[in-house]
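Contents: one structure, followed by commentary.
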Amino acid sequence: MDIFLIILSVLLLVAGLAGSVLPFPPGPPFSFLGFWLASFTTYGSGFSATHILIALAAMVIIEILDYTIPAWATKKFGGSKKGVWGSIIGMIVGIFFTPIGMIMGMFIGAFVGEKLDGKELAPALKSAFGSFVGFVCSTAIKLIYGIATLWLVLKPIVSGGFDFVKNIF
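Numbering-wise (the working numbering), the sequence shown opens with residue 2 and increments by one.
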């Protein structure tokens with residue numbers, strides 16, 4: 002059962018890392034689930050209820066920030082609601098064209114949204130850049146959480162010399 006939980010935990014943590022950059026799966030919740038599952042294994046037995054609650058609280062805060070940082074940055078750079086919606090639509094369309102397409106789609110969508118709102122070229126570019134900055138900041142926060150939870154789970158496994166692999170064979 003330990004091996005199954007470790008494998009499932011690591012798969013969830015890796016999905017969490019992917020979800021930190023992509024809109025699906027949701028990165029921090031998957032990372033938290035992987036961390037929580039690992040706590041039921043021999044290698045994760047060092048995680049206390051306090052560790053789990055801190056990881057849960059961090060995940061909730063990060064999920065809230067994930068929705069507020071991009072909108073805040075877009076507004077801070079002079080963006081409108083149309084610019085925010087344009088960046089969201091552009092990001093969704095861009096998903097089908099690699100991660101770079103997602104970022105470009107978000108930028109272009111914000112720009113088009115601002116132009117539809119009647120903004121001139123320079124202010125529209127400025128708010129599009131704001132949506133990009135917000136996306137990068139929220140993505141970085143999610144990646145840090147995902148990497149931290151993965152490291153906390155893998156550290157005792159690796160330092161144990163991968164004894165769990167020996168148990169498989």
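Here a beta-carbon is modelled for each residue, glycine too, at the ideal position from N, C-alpha and C.
(message) With three or more C-beta pairs closer than 8 Å as the rule, is the region 89-105 touching the region 117-124?
(response) Segments in contact, no.
(request) Could you have a look at Phe144 and say whether DSSP puts it in helix, strand or coil? (result) As a first step, residue 144 is located in the sequence shown; it is residue number 143 there, counting from the start. One detail in the question is off: residue 144 reads as Leu in this sequence, not Phe. Helix at Leu144.
(message) My output table needs one value for Lys120: the three-state DSSP class, helix, strand or coil.
(response) Residue mapping note: residue 120 aligns to position 119 of the sequence shown, counting from 1. When DSSP states are grouped into helix, strand and coil, Lys120 belongs to the coil group.
(request) Just mark Val61 as buried or exposed, buried being the case when its beta carbon has 16 or more other beta carbons within 10 Å. (result) Position 60 of the sequence shown, counted from the start, is the residue given in the question as residue 61. With fewer than 16 other Cβ atoms within 10 Å, it is exposed.
(request) Look up Pro29 in the DSSP assignment and say whether it is helix, strand or coil. (result) By 1-based counting over the sequence shown, the position of residue 29 is 28. Looking at Pro29 - three-state DSSP - the assignment turns out to be helix.
(request) List the endpoints of the continuous alpha helix (DSSP H) containing Met60. (result) The residue labelled residue 60 in the question sits at position 59 within the sequence shown. Ala50 to Lys77 is the extent of the alpha helix (DSSP H) around Met60.
(request) Tell me whether Lys77 is buried or exposed, calling it buried when 16 or more other Cβ atoms sit within 10 Å of its Cβ. (result) Taking the sequence shown and counting its residues from 1, one reaches residue 77 at position 76. By the Cβ-count criterion, Lys77 is exposed, with fewer than 16 other Cβ atoms from all chains shown falling within 10 Å of its own Cβ.
(message) Please report the distance separating the alpha-carbon of Ser139 from that of Asp3.
(response) Position 138 of the sequence shown, counted from the start, is the residue given in the question as residue 139. Position 2 of the sequence shown, counted from the start, is the residue given in the question as residue 3. Near 34 Å, if we compare the C-alpha coordinates of Asp3 and Ser139.
(message) For the structure I just gave you, are there three or more beta carbon pairs, one from the region 142-157 and one from the region 103-113, closer than 8 Å?
(response) No, because fewer than three Cβ pairs between the region 142-157 and the region 103-113 fall closer than 8 Å, the two stretches do not touch.
(message) Taking only three categories from DSSP, how would you classify Leu23?
(response) As a working mapping, residue 23 is identified with position 22 in the sequence shown. DSSP places Leu23 in the coil class of the three-state scheme, outside both helix and strand.
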